[in-house]
Amino acid sequence: MDIAEVARRSGVPASALRHYERKGLIRSVGRAGLRRVFPELVLERLELIALGQAAGFSLDEMAAMLGDTDTPHIDRDLLAAKALSLESTIKRLQALHDGLAHAAVCRAPHHLECPSFRRLMGWAGKHQRERQQKGRLTPGAPNGPRRNRRSPD
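The sequence shown begins at 1 in UniProt numbering and counts up by one.
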């Protein structure tokens with residue numbers, strides 16, 4: 001099937017398909033005119049890629065697991081490590097959810113007077129400092145690492 005058909009059936013834009021091919025995640029089997037042609041099996045592979053992305057794997061990690069054969073070698077140890085990482089993220093998000101849900105109905109006259117909200121603020125500040133120390137944040141950058149931003153003229 002050609003790249004347009006793969007894009008239509010998978011929901012993955014043709015530009016992403018070309019990128020995945022460059023990264024070694026998928027491979028075409030030829031061309032029909034100027035269009036790449038892919039085997040039917042590419043749809044299953046794209047589902048594996050979507051699952052990997054949802055789980056937080058990088059494209060390079062997925063390329064290593066999927067390899068260049070029709071049958072991917074999925075590293076169970078890597079899956080177990082990712083599952084542990086997701087479990088930690090879920091616990092963190094659940095605690096954040098619980099704290100915000102409490103703050104929404106707290107009877108304190110002001111959120112800053114609510115002990116639970118204050119603990120949540122302390123946790124957020126500690127988490128921010130830890131991320132900064134690990135090099136994830138640039139000091140003073142509220143939304144993450146600085147990227148190549150153009151300065152206003």
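All residues carry an ideal CB built from backbone N, CA and C; glycine is no exception. Fair warning: this is a prediction, and the values are worked out from it, not measured in the lab.
For this session: Keeping to the same chain, check which residues put their C-beta closer than 7 Å to that of Glu113; ignore five residues upstream and five downstream.
Result: Mapped onto the sequence shown, residue 113 falls at position 113. Correct list: empty, nothing qualifies.
Exercise. Do Arg31 and Val37 come within 9 Å of each other at the CB atom, strictly closer than that value?
Worked result: Indexing the sequence shown from 1 puts residue 37 at position 37. Indexing the sequence shown from 1 puts residue 31 at position 31. For Val37 and Arg31, yes; Cβs fall inside 9 Å.
Exercise. Who are the near neighbours of Pro109 in its chain, counting only those whose CB is closer than 8 Å to its CB and skipping five residues on each side?
Worked result: In the sequence shown, residue 109 corresponds to position 109, counting from 1. Around Pro109: no qualifying Cβ.
Exercise. Taking the continuous beta strand (DSSP E) assigned at Ala32, which residues delimit it?
Worked result: Walking along the sequence shown from the start, residue 32 turns up at place 32. Segment 30–32, the beta strand (DSSP E) holding Ala32.
Problem set entry | Nearest-angstrom Cβ-Cβ length linking Leu59 and Lys23, presumed shorter than 8 Å | Reading the sequence shown from its first residue, position 59 is the one you call residue 59. Reading the sequence shown from its first residue, position 23 is the one you call residue 23. Yes, Leu59 and Lys23 are in contact; Cβ-Cβ is about 5 Å, under 8 Å.
For this session: Pick helix, strand or coil for Asp75, following the three-state DSSP scheme.
Result: Locating residue 75 in the sequence shown gives position 75, counting from the first residue. DSSP places Asp75 in coil when its eight states are reduced to three.
Exercise. Applying the criterion that 16 or more other CB atoms from any shown protein chain within 10 Å of the CB defines a buried residue, is Ile3 buried or exposed?
Worked result: Looking up residue 3 in the sequence shown gives position 3. Answer is buried; the Cβ neighbour count reaches 16.
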